[in-house]
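This report concerns only the one structure given below.
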Amino acid sequence: MLCVQEHHIVPIANMDSWDDGTDCCKWEGVVCDNKKGNVIGLDLSCTGLSGSLLSNSSLFSLQNLRWLNLAGNYFRNSEIASEFGKLRSLTYLNLSDTGLTGLVPPEISLLSELVSLDLGLNFLLVRNHDFNMLVHNLTKLENMILDGMNLSLVEPYYFLNLTVSLKHLSLSHCYLQGNFPTQVFHLPYLQNIFLGSNPNLIGYLPETNWSSPLRLLDVSETSFSKGLPDSIGNLKHLKTLDLSHCVFMGSIPSALGNLTKITFLDISGNMFQGNFMDFFSSNNFSGVFPPSAFNLTILTFMDFSSNFLQGTLPNNISGLSYLRQLYLSANLLSGRVPVWLFSLPSLEDLDLHSNKLNGPIDPIQEPNLVLLNLTSLDLSFNNLSGNIKSCMLVKLRNLSWLDLSHNSLLSLTSCINGANSSLPMIIEFHFSSCNMQRFPSFLNASKYLQFLDLSNNQIHGSITKWEAEGWENLATLNLSMNFLTSVEQIPGKDLLVLDLRSNSLRGPLPTPPQNLSYFLISNNELVGEIPSKICNLSYLYVLDLSKNKLGGTIPDCFGTFSDQLLVVLRTLNLNGNQLEGAVPQSLKNCYTLEVLDLGNNNINDTFPYWLGTLTCLEVLVLRSNRFHGDIQNFNGTFSFSSLQVIDVSRNEFTGHLPLELFENFKAMRDIQENKTGGPEYIGGDYYQDSVTVTMKGSDFNLERILTIFTIIDFSSNKFKGPIPKAIGELNSLIVLNFSHNSLTGNIPPSLGKLAALESLDLSSNKLQGRIPMQLTNLTFLGALNLSHNNLEGPIPLANHFDTFSNDSFAGNSGLCGFPLSKTCGNDQEPKSPPSTVGDESEIALIWKIAAMGYGSGVVLGLSVGYIVFTTGRPRWLVKMMKRNPEKRMRRRIHRNGRRKN
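Its first residue numbered 0, the sequence shown is counted upward by one per residue in numbering that gives the first Met the number 0.
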């Protein structure tokens, strides 16, 4: 890269001013000593340099170099050469974002003249001893920037050795852990400190004698805790305070109002509590807020969301004329939405969702209100009521995002006399789960509108052709869970997502727009046949026509779509109709099909083994039809290797259980659970597939299917013969149901290897012999039904088997022992096998807890999830799970943008 000549440097190819025949002191990025002509400064940042930074580079011959900036280049995973220690005159060194890797060499600590050191945004690791040497020797350091490096080996105790001259300390995303010394906040010249995104870093803010020139304080996304001390009010120069997503608790001190220079304030995601009014008044004044008490006049960003703040918003304030973002969501705020919120001249984003606000939204109805800058308004998940007139919304002239969802008493009606009601800049309009009764046709002139959600309202009647005109950029329309009876024309010619589920639509299937990707119209009263013109949809991804009264046969054209559809079709759900005939073999051309649900129809066919060519197929539901014949003729060339859910129950299949089919279920073996994030479900961001599961004779509808969920249901057919031992190899299987057949032989002991099994139903067969002791090793088993067979001998008592009721074993005259009333003879007393899964008493305790409703299995977990989301309790969990990730991302973008300014 560099070679030594008279001035110790030669040109770089992509630097136009670097001419080998000219004085290098005149080259771009080069600074020389005016007296001796030595190179004392190099600024080669973001110049496209690449390659290796080798130890023999002539760079290290520049002994007079004081200033070196190589940031923003790419040195191909080079290590920091120990030769940097030779540049003893350096006062400024910036190697940030250069692709460096490996250990930071101890020789860096030899650069005792350094005033500024930036090694951030690299893949570097610092050893504890080397870091201690660094902070000991660099006594003149004012700026230390190590963001994104790995400091997991560094004991925070060593930060006590930082030089008192330090002004800027940046350690975000550094894997720091342990207790951060509070004394660092007392450094006399410290102006900026970034400790954010170190979740294992513990600490607290100084409670006394805290007075410093701090301008920026960021401990966001750490484990800093305790309360916010009154001493925070002593930081008179503070402009940015970010305490978001920590473990702070207690009340917000009124001293926070002393930070008159602050522009960015974020305390979201903590456990602050108390009355919101307390923040505005130094004497805990309740009632009308005195305007003079509020001093944060230049604040531009304020986020108090996701805490436990309660009380009402102040009725009146002054100031806040520069406030652009205000987030108070996910608290316990009550009362009315005050007028002053809509009179802030600079406000762009206002978020009050998930509180207890009530009453009508009077500010929007104010006759003199003109909001010039508000672009995002979220009042969802409150108790707001009343009626909003559409002509009042025109005052929100720059609004691009409006969310008033989940206010069950709130309605929206059109103004009469043709008054202008459009929102000219609106992009997303959310009004779900409210009390709207008419389709808002006034929005059809909003030319930027892309997303319209009116689900779960009281919209009756039909959508006329006139109401469907316009909507030129509408991409997503959700009218599900209303009372629509017909759709004369679907709004939006370029619609991508149409959701009309759970209405009262009658008549034939409406004609969808050409570019539709999601066509969801389940749970209606549609009749007639599925028209072949549906195959003209070139980009169809999900088609859900389930739970209607559609008849006829499945169109052959489903497998003869255009080339585009062969690539994108993922879900075909025709469950719960009156379809007849056979399954068209043309479906094997839908190569990306993942979910095929034909259950609950009148389809008359043999097992469609040719579907095994679909390598992406994960869910196959054929239940409750008239399928018949022997599956034993299964051809091994059709693999079904990705299948996780197969339900062929309630048909007329005969013969033996298909051994070859079970052996090909590779996806039911060793499924890896996602341990890094939350649960994952089969389906996309908008639509997630569902399935009905039969356990103990009852059907349970799972609204979402976990990606780790697996089920085999061959119940209620005419299968005969033994249960294949190969079933025991499917160690990720969760539900197995072979009930109501004519199976014979013994229960295979290999079923004891189904370590993930939670539900086993072999009832109403002709099984014989003893219950294998190996079944007691199924430690997640929560539902067991072996009733109505010819089983005999003692019921095993090991592990959790004593938690199953009498119903699990009834109808087996030869069985004895608990929980049955029939006792066993001495020679039949059950013996426990050596346990292979842990201490027996511990497992018994686990299952007694599970029996009381505290089990942790997948199916049990799904049941808990259903209870939470149908009862709305506990409220904090519902709020946490229902928060829109798009809103959090939008807020994060605003946060980062404001802090940079």
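The C-beta atom is built at its ideal place from N, Cα and C for all residues, glycine as well. Model, not experiment: these values are computed from the prediction.
Simplified DSSP assignment, three categories, for residue 778
coil
(message) Under DSSP, the alpha helix (DSSP H) around residue 132 begins and ends at which residues?
(response) 127–136 is the span of the alpha helix (DSSP H), which, as asked, contains residue 132.
Next on the checklist: Taking the straight line between their C-alpha atoms, what separation do you get for residue 171 and residue 321?
Outcome noted: 28 Å
task: For residue 600, collect the residues of the same chain with a Cβ closer than 8 Å to its Cβ; drop the 5 residues on either side in sequence, then sort them by chain order.
output: Cβ contact annotation for residue 600 (same chain, cutoff 8 Å, sequence separation greater than five): 573, 574, 575, 576, 577, 578, 579, 623 and 624, in chain order.
(Q) Considering only DSSP beta bridges, list what residue 318 is partnered with. (A) In the DSSP output, where bridge partners are listed per residue, residue 318 has none listed.
Practice problem: Please confirm whether residue 60 and residue 80 have their CB atoms less than 7 Å apart. | Solution: no
Under a three-way DSSP split, which group does residue 734 fall into? strand
### Query
By how many angstroms is the C-alpha of residue 184 removed from the C-alpha of residue 17?
46 Å
For residue 345 versus residue 372, is the C-beta distance shorter than 7 Å? Taking a C-beta distance under 7 Å as the contact criterion, residue 345 and residue 372 qualify as a contact pair.
Fill in: Spatially closest choice to residue 802 from 789, 817 and 812, by CA coordinates
Nearest to residue 802 by C-alpha distance, out of 789, 817 and 812, is 817.
- request: Measure the C-alpha to C-alpha separation of residue 109 and residue 679 and round it to an integer number of angstroms.
  value: Distance between the alpha carbons of residue 109 and residue 679 is about 50 Å.
Review point. What's the call for residue 483, buried or exposed, on a 16-neighbour Cβ count within 10 Å?
Key: Burial call: buried.
Requested in this report: Use the C-beta contact count for residue 31: other C-beta atoms within 10 angstroms, 16 or more gives buried, fewer gives exposed.
Outcome: buried
- Task: Over the uninterrupted alpha helix (DSSP H) stretch that includes residue 661, give me the two end residues.
- Result: Per DSSP, the unbroken alpha helix (DSSP H) holding residue 661 starts and ends at 658–662.
Where does the unbroken beta strand (DSSP E) through residue 790 begin, and where does it stop? 789–793
Practice prompt. Return the residue from the list 46, 661, 274 and 37 that minimises the CA-CA distance to residue 27.
Written response: 46
Taking DSSP as the reference, what is the three-state secondary structure of residue 248? strand
- request: Have a look at the DSSP bridge pairing and note the partners of residue 225.
  value: 247
Review point. How is residue 410 classed by DSSP in three states: helix, strand or coil?
Key: strand
query = Can you check whether the CB of residue 750 is closer than 7 Å to the CB of residue 727?
reply = yes
Practice prompt. Report buried or exposed for residue 709, applying the criterion of at least 16 other Cβ atoms within 10 angstroms of its Cβ.
Written response: buried
### Query
In the stretch 342–400, which residue ranges form an unbroken beta strand (DSSP E) of at least 3 residues, counting only runs that do not cross its ends?
Qualifying beta strand (DSSP E) stretches, in chain order: 348–350, 355–358, 375–377 and 382–388.
Practice prompt. Would you check if there are 3 or more beta carbon pairs closer than 8 Å linking the stretch 691–698 to the stretch 717–727?
Written response: no
Since residue 471 and residue 446 should fall inside the 8 Å C-beta cutoff, what is the C-beta to C-beta distance between them, to a whole number of angstroms?
6 Å
Exercise. Expressed to the nearest angstrom, what Euclidean distance is found between the alpha-carbon atoms of residue 772 and residue 747?
Worked result: 11 Å
Tell me the residue span of the beta strand (DSSP E) that contains residue 142. 142–144
Quiz prompt | Opposing strand residues paired with residue 257 [DSSP bridges] | solution = Paired residues: none, contrary to the question.
Answer with yes or no whether the minimum CB distance from residue 640 to chain B is below 7 Å. Note that chain B does not occur in the displayed structure, where there is just one protein chain.
Query - Rounded separation between residue 660 and residue 639 - CA only - result: 8 Å
(Q) According to DSSP, is residue 206 part of a helix, a strand, or is it coil? (A) coil
Report the option in 148, 460, 392 and 40 whose CA atom is closest to the CA atom of residue 428. Nearest in C-alpha terms to residue 428, of all of 148, 460, 392 and 40, is 392.
To which residues of the same chain is residue 126 closer than 7 Å at the C-beta, ignoring the five residues directly before and after it? 102 and 152
Legend entry - Per-residue burial, residue 510 [other beta carbons within 10 Å of its own, 16 or more giving buried]: Here residue 510 is exposed, its C-beta having fewer than 16 other C-beta atoms within 10 Å.
If we call anything under 7 Å between Cβ atoms a contact, is residue 519 one with residue 549? no
Please report the straight-line C-alpha distance between residue 862 and residue 667, rounded to a whole angstrom.
Here residue 862 scores only 40 on pLDDT, less than 50, and its place in the model is too uncertain to base an answer on.
Between residue 180 and the rest of its own chain, which residues show a CB-CB distance below 7 Å, the 5 nearest in sequence each way excluded?
155, 156, 158 and 159
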